[in-house]
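*Asks:* Using the numbering used here, you'd call the opening residue of the sequence shown number 4 and step up by one each time.
Glycine included, each C-beta is placed from N, C-alpha and C at the ideal position.
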Amino acid sequence: MTFTHVTGPTPGVLDDADLAALLSNFLTPIPKVVSALLASGDGLRMAAMGYDEGSAAADQLAAIVSGMTSLSKGVCALFGAWATPPGQEGVMLLFPTLHQER
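(1) Could you name the residues that DSSP lists as bridge partners for Ala-194?
(2) Taking buried to mean at least 16 other C-beta atoms within 10 Å of its own C-beta, is Ala-51 buried or exposed?
(3) By the DSSP assignment, the alpha helix (DSSP H) with Asp-21 in it spans what residues?
(4) According to the Cβ coordinates, are Leu-22 and Met-49 closer than 9 Å?
(5) Cα-Cα, which of Leu-40, Leu-47, Val-68 is closest to Asp-55?
(6) Does the Cβ of Ala-61 have 16 or more other Cβ atoms within 10 Å, making it buried, or fewer, making it exposed?
(7) Rounded to the nearest angstrom, what separates Gly-83 and Leu-47 at their Cα positions?
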């Protein structure tokens, strides 16, 4: 039996800084985007951009999105509309927040 010891970050797993950089790199080129949020399926904030440090807004929005996703899945299952292939249960909800000129 052979055991391999791997040091450093787990391959394929991103830490908080990597997720924040990924989110920023994805959205920075899009004009007028002022905030963005990456949340887990259970309602935890994974990464946020454009929210004040120490503000609960990103955490609250992550919880709200999780609840909305759960309700949507329940409604779709009730009416037989949820046909996601096994292993492809990813969900993305976008709530763009744009800066508007006044």
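*Replies:* Working from what's here:
(1) No answer is possible for residue 194: it lies beyond the span of the chain, which begins at 4 and ends at 105.
(2) Result: buried.
(3) 19-30
(4) yes
(5) Leu-40
(6) buried
(7) Between the alpha carbons of Gly-83 and Leu-47 lies a gap of roughly 28 Å.
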